[in-house]
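J.:
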Amino acid sequence: MYAGLIFVASMVPVDPRVSVGHLDKVVHLCEYLLFAWLLVQAIRTSRMPRDMRSMSGTESPKSLRDFWGPERAPAPKSLVWGREHLLWAWMYATSYGLLIELLQGMVPWRSADLTDAIANTLGAALGVWVGSRVPGMR
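By the count of my numbering, the sequence shown reaches residue 1153 at its end, each step adding exactly one.
(1) Secondary structure at A1127, three-state DSSP: helix, strand or coil?
(2) Quick check on the burial criterion: 16 or more other C-beta atoms within 10 angstroms. Buried or exposed for A1024?
(3) The alpha helix (DSSP H) that contains H1037, what's its start and end?
(4) Under 8 Å: do the stretch 1137-1144 and the stretch 1032-1052 share three or more Cβ pairs, one atom per stretch?
(5) Would you mind sorting W1105 into buried or exposed? The rule is 16 or more other CB atoms within 10 Å of its CB.
(6) Could you check whether the Cβ of H1037 sits closer than 7 Å to any heavy atom belonging to the ligand FMN?
(7) How many Å lie between V1095 and P1028 at the Cα?
Written out as structure tokens, the structure is:
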């Protein structure tokens, strides 16, 4: 849903007489920071086994076998709790930002800008960093 909001906001015609200077780059950085943070939360939540998602606060599981028993453990702990989801979130947000910039270059009322793409990439990196340190809403 947020990706759709970014798409619509990025494709709406803007008045070329209105200039916001470098504030535009801050907006790009913030919207992709939020996008990447949301992606980190979504990937992290979707990859956790249901019983672990419902655990309260500071309690941490000893192993997946504690929840499913030795014969039903679905995946090694590293696949569930690994940090590769951070890279996937960054790559997805960055790729989406590059795609939006390419699309803006194809429509007559918008223009592609390399510095916007850089701001998107930095925002995505910051969003992943924040997402790795700030837990999501429960």
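Note that the Cβ used here is the ideal one computed from N, Cα and C, for glycine as well. Bear in mind that the values here come from a model prediction, so they are computed numbers and not experimental data.
T.: Answer, in terms of the structure:
(1) coil
(2) exposed
(3) Counting along the chain, H1037 falls outside any alpha helix (DSSP H), and DSSP gives it neither H nor E.
(4) yes
(5) buried
(6) Here there are no bound small molecules, and the ligand FMN is not part of this structure.
(7) Unreliable placement is indicated for V1095, whose pLDDT of 44 sits below 50; the coordinate value is still reported in the next sentence. Rounded to whole angstroms, V1095 to P1028 spans 43 Å at the Cα level.
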